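Report on the structure given below.
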Amino acid sequence: MRGVTLSLDALVAAMIMFSLIAVLGGVRYSASQPQDDYEAFYYTERDAVITLQTAKLRDIQDFPIIQNLTASGDLVEADMNKSVIDIIGSYWAAGNLSIARNITRTFLEGFLPPNFGFDVLLDGTSLYNNSLPQNRFLSRNNFLISGYKKEAAVEGYVSSAWLTKASANDTILVSISPAGAGYSGSGLNRGNFTIIKSFELPANATNISATLYLSAHEGNSQASSSRWRNVSAFINEIWQFSFLTSGGTYASWSIYNITPGNNTLRIKMNKPYDYNAHIHPGLTLVVNYVAEKELFYEEPRENLKRIYFPYAEGTPAVYVTVPFSIPENSVINNATIHVDGQLVDDNGEIEVNNYTAWSSSSPPYNPSINLSIKNYLRKNGNISTGETNVMGVYFDTQASDTDYLYANARNQTRILNTSYIELNYTLPQKIVKYGSLPVSLITYANISISGNGKQANWTMPATDFINPFLHVVQQYSWEVEVAAWHRPEPSPTWTGSDKWSNYTVFSSPTSRNVPADIYILPSRLLSNASNLVNVRDTNDQVILSNTSISYTIFAPVQVGYGAVFQNQTAAVNDAVARLNATLNAYGIRINLQDIQYSTQAAAKVPWMWGPAEFEVQIWK
Amino acid sequence: MAKGQIWSLDLGASVAIFLLAFVILTFLWGYVRRQADDQQDMVRMRDSATTVADLLVRTSGYPSNWTNDTVQSVGLAAEENLISGQKALGFVSLNYTRTLDLLDLGAYNYYFQLKYVNGSPVIINGTSAESGVNFTGTESSVSQRYALIDSEPKKRVVLRLVVWK
Numbered sequence: 001m002r003g004v005t006l007s008l009d010a011l012v013a014a015m016i017m018f019s020l021i022a023v024l025g026g027v028r029y030s031a032s033q034p035q036d037d038y039e040a041f042y043y044t045e046r047d048a049v050i051t052l053q054t055a056k057l058r059d060i061q062d063f064p065i066i067q068n069l070t071a072s073g074d075l076v077e078a079d080m081n082k083s084v085i086d087i088i089g090s091y092w093a094a095g096n097l098s099i100a101r102n103i104t105r106t107f108l109e110g111f112l113p114p115n116f117g118f119d120v121l122l123d124g125t126s127l128y129n130n131s132l133p134q135n136r137f138l139s140r141n142n143f144l145i146s147g148y149k150k151e152a153a154v155e156g157y158v159s160s161a162w163l164t165k166a167s168a169n170d171t172i173l174v175s176i177s178p179a180g181a182g183y184s185g186s187g188l189n190r191g192n193f194t195i196i197k198s199f200e201l202p203a204n205a206t207n208i209s210a211t212l213y214l215s216a217h218e219g220n221s222q223a224s225s226s227r228w229r230n231v232s233a234f235i236n237e238i239w240q241f242s243f244l245t246s247g248g249t250y251a252s253w254s255i256y257n258i259t260p261g262n263n264t265l266r267i268k269m270n271k272p273y274d275y276n277a278h279i280h281p282g283l284t285l286v287v288n289y290v291a292e293k294e295l296f297y298e299e300p301r302e303n304l305k306r307i308y309f310p311y312a313e314g315t316p317a318v319y320v321t322v323p324f325s326i327p328e329n330s331v332i333n334n335a336t337i338h339v340d341g342q343l344v345d346d347n348g349e350i351e352v353n354n355y356t357a358w359s360s361s362s363p364p365y366n367p368s369i370n371l372s373i374k375n376y377l378r379k380n381g382n383i384s385t386g387e388t389n390v391m392g393v394y395f396d397t398q399a400s401d402t403d404y405l406y407a408n409a410r411n412q413t414r415i416l417n418t419s420y421i422e423l424n425y426t427l428p429q430k431i432v433k434y435g436s437l438p439v440s441l442i443t444y445a446n447i448s449i450s451g452n453g454k455q456a457n458w459t460m461p462a463t464d465f466i467n468p469f470l471h472v473v474q475q476y477s478w479e480v481e482v483a484a485w486h487r488p489e490p491s492p493t494w495t496g497s498d499k500w501s502n503y504t505v506f507s508s509p510t511s512r513n514v515p516a517d518i519y520i521l522p523s524r525l526l527s528n529a530s531n532l533v534n535v536r537d538t539n540d541q542v543i544l545s546n547t548s549i550s551y552t553i554f555a556p557v558q559v560g561y562g563a564v565f566q567n568q569t570a571a572v573n574d575a576v577a578r579l580n581a582t583l584n585a586y587g588i589r590i591n592l593q594d595i596q597y598s599t600q601a602a603a604k605v606p607w608m609w610g611p612a613e614f615e616v617q618i619w620k
Numbered sequence: 621m622a623k624g625q626i627w628s629l630d631l632g633a634s635v636a637i638f639l640l641a642f643v644i645l646t647f648l649w650g651y652v653r654r655q656a657d658d659q660q661d662m663v664r665m666r667d668s669a670t671t672v673a674d675l676l677v678r679t680s681g682y683p684s685n686w687t688n689d690t691v692q693s694v695g696l697a698a699e700e701n702l703i704s705g706q707k708a709l710g711f712v713s714l715n716y717t718r719t720l721d722l723l724d725l726g727a728y729n730y731y732f733q734l735k736y737v738n739g740s741p742v743i744i745n746g747t748s749a750e751s752g753v754n755f756t757g758t759e760s761s762v763s764q765r766y767a768l769i770d771s772e773p774k775k776r777v778v779l780r781l782v783v784w785k
């Protein structure tokens, strides 16, 4: 029994040992091959990206694709210092994938090991795939990249420029609203009419040029003697021109003798053969000049403004119309008028819009009238609608035909230029524009519309703007309706009740009441958009194509850092050219000596395309 | 007596079987140990090849403007993946035994070569950019890296390093 036990122990021990032998005999120690492969893939992917980033276009200019692009001018010398990946990314960003792929393939093919499969992707778009089948491993590596656009230097100088002062061209419009010697009806009551308007140019104004557009009406064509039908213009009492009217006349003349500072324009109309002497809508003196201007604009919130009347004298009567406006949504605190007249024998009347603010059949011989006109203004409660108000003053002189014919002693009734409208209002907010140049621009309403009307259609610059005015020009006039809108608003239609269906910004309050300056509500216009203004006479009198829109924009007076140039001079020239181009777009011409600039070396210019995900996949 | 005979036969057979198994087991164990050592050595060789190739292609060495007299650590890069021809020339002219020490390849041999993408060797100032000893051993590991050389214009090159024993 003991022997049996022993033999069993030996057999069990032998079985264990043979089992170990069997196991150890089957053991094969293997190195971690997949890890080594992935490591090799990783380094290869990394090498591909870094060499694409390190190699410059200059280094691969012997590639056929690069030679073709250079020959076609698509790549230029400035591109030669760009990295290859910049150029690939630039074409990729521009959507030119075939060129991006061609450069990638040419660079990597033959460079990376042929036994590896490759795919190079930029934001998921394959740029190069060598089409080898994938058997075992696939490694992917992603890099965020960005780059410079082709044709842009990457190191060098950048420059900005700004105006230190602005000696810029500008324009003022000196307009006179309808005025005249009154309507006598017939007979021999006709007489002279004179109107004098003062205006001021900056004291440092130079290069002054001017044109007078005159729309006047007196007499008719029956008379042959010029003394009966003679209109003359004077600047600072220096004669400019005379012409013979033939009914209503609209014509223009070059004007001289305007000086920096205060000036006067005098229009003298001799007694006509019949009818009466008067001015129609459109009498405007356009003065162009160059002057140094402030590079800011400011309007306080609280305003007290006086608008002075022109001096006028006429026989057998005299009347003037004076338009004025209070900015939209301003609080009207007070509005008064002061009117001085002389040699008034008979009737007198003052109208504000369609209200009679004052009238008398026996006014003082030399009236001095003070009135509050606040209640007659275009407003909602105390808030201005912004629409143009029109004030008319009429003084009559009573004289007989005998006085006129035989004694020539008839009075010249006068409205003095000490007369004024005083407006006290509060703007919704103060207006302050620093670092910009206020520039007056004019566009013409020369597009014909039905009913002898005109339309202005212009693109407002992408700047803030103020003071848009319509200046209506007519040979004969009755009442006008004005509508203003901007795209994409639909155009208004002319209704049967002689109104625009929408966007009305002005309606003549009474007949023969067409002011020289009609304020267009700024809320109806839009910067950097197509703006339109329609004007039409309710009696279908012709609106002439010299009808214009004036407005003031705030032009930028600086440009920021621009492209990168290889030398400082080129960078400065570029900045000055950009500033010039910016200002020229607004019709502003500047002096080079008024430009200051700043230049900086640009060693690391921020990326211009991307960031994009650059992915390299390798397999085998 | 019969009891003693049975015992002696069993004992003899058991001892014989056991000794046979023990001898076989000892031999196999030794074989497995040698194989494992060989593979680990292969891994170390691969690591060395990868590390040294990476060192050469990505670093500029120490000091960065090293010469054959001042070099403490070898690197060939003017910048990452841009090989300095001057440094490559300096490297291939270094004493082989010294480079083994500088590259910490003391247990192995190596063969270094720079070649262009068309397979032709990079020649710098008339000297081919290759150094070390061609493989004549039993085991080797090859590491290839892809870079540029700072010629004018820069050209694409393949850095090939064979570490062997």
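Protein chains in written order, with the working numbering: chain R, 1 to 620; chain F, 621 to 785.
Just so it is clear, CB atoms sit at the ideal spot from N, CA and C, and this is done for glycine as well.
Remember, it's a predicted structure, so these values are computed and weren't measured experimentally.
By the Cβ neighbour-count rule, residue 50 of chain R is buried, with 16 or more other Cβ atoms within 10 Å of its own. With respect to the C-alpha of residue 202 of chain R, the residue from R/172, R/230 and R/218 having the closest C-alpha is R/172. Taking C-alpha positions only, residue 667 of chain F is separated from residue 75 of chain R by approximately 44 Å. The Cβ atoms of residue 726 of chain F and residue 720 of chain F sit closer than 8 Å to each other. By the CB criterion at 8 Å, residue 439 of chain R and residue 529 of chain R fall outside the cutoff.
In this structure, DSSP gives residue 695 of chain F a state outside helix and strand, which the three-state scheme calls coil. Sixteen is the threshold: since fewer than 16 other Cβ atoms of the shown chains lie within 10 Å of the Cβ of residue 77 of chain R, the residue is exposed. Membership of residue 129 of chain R in the beta strand (DSSP E) is indicated by the continuous run 125–129.
For the options R/195, R/416 and R/88, the alpha carbon positioned closest to that of residue 232 of chain R is the one of R/195. Under the criterion of beta carbons closer than 8 Å, residue 507 of chain R and residue 481 of chain R qualify as touching, at roughly 5 Å.
At a cut-off of 8 Å between beta-carbon atoms, residue 644 of chain F makes contact with chain R. In the three-state reduction of the DSSP assignment, residue 387 of chain R falls in the coil class, being assigned neither a helical nor a strand state. Taking residue 161 of chain R as the centre and dropping the five residues before and after it, the same chain places the C-beta of 559, 575, 576, 579, 595 and 597 closer than 6 Å to its C-beta, in chain order. For a Cβ distance threshold of 9 Å, nothing in chain R lies close to residue 732 of chain F: the least Cβ distance comes to about 17 Å. Within the same chain, and ignoring the five residues on either side of residue 698 of chain F in sequence, the residues whose Cβ sits closer than 8 Å to its Cβ are 680, 704, 707 and 770.
Residues of the segment 659–672 of chain F with a C-beta less than 7 Å from any C-beta of chain R: 659, 662, 663, 666 and 670, listed in chain order. Beta-bridge analysis with DSSP links residue 497 of chain R to no other residue. At least one C-beta of chain R is nearer than 8 Å to the C-beta of residue 766 of chain F. Taking the C-beta atoms as reference points, residue 118 of chain R is found no nearer than 8 Å to residue 102 of chain R. Near chain F, meaning a CB-to-CB distance below 9 Å, the residues of the segment 55–80 of chain R are 55, 56, 58, 59, 60, 61 and 62.
In this structure, DSSP gives residue 615 of chain R an extended state, which the three-state scheme calls strand. At least 8 Å separates the beta-carbon of residue 53 of chain R from that of residue 619 of chain R.
Apart from sequence neighbours up to five positions away, the residues of its chain that approach residue 167 of chain R with a beta-carbon distance below 8 Å are 290, 291, 292, 293, 590, 591 and 594, ordered along the chain. Taking a Cβ-Cβ cut-off of 7 Å, the neighbours of residue 110 of chain R in chain F comprise 737, given in sequence order. For residue 218 of chain R, the beta-bridge partners assigned by DSSP are R/247. In this structure, the CA atom of residue 326 of chain R is about 49 Å from the CA atom of residue 564 of chain R. Beta-carbon to beta-carbon, residue 777 of chain F and residue 760 of chain F are separated by about 21 Å, too far to satisfy the 8 Å threshold. Under DSSP, residue 461 of chain R takes part in no beta bridge, so it has no partner. Relative to residue 742 of chain F, the option among F/635, F/729, F/634 and F/779 whose CA is nearest is F/779.
Any Cβ of chain R closer than 8 Å to the Cβ of residue 741 of chain F would place that residue at the interface, and such an atom is absent. Within the DSSP bridge table, the entry for residue 158 of chain R names R/600 as partners. Annotation: residue 143 of chain R to residue 36 of chain R spans about 22 Å, alpha carbon to alpha carbon. Here the alpha carbon of residue 344 of chain R sits roughly 28 Å from the alpha carbon of residue 477 of chain R. Listed in chain order, the non-local C-beta contacts of residue 388 of chain R below 7 Å within the same chain comprise 323, 325, 506, 515, 518 and 519, local neighbours out to five positions each way being set aside. For the segment 89–110 of chain R, the set of positions with a beta-carbon nearer than 7 Å to some beta-carbon of chain F reads 110 in chain order. Residue environment for residue 269 of chain R: buried (at least 16 other C-beta atoms within 10 angstroms of its C-beta).
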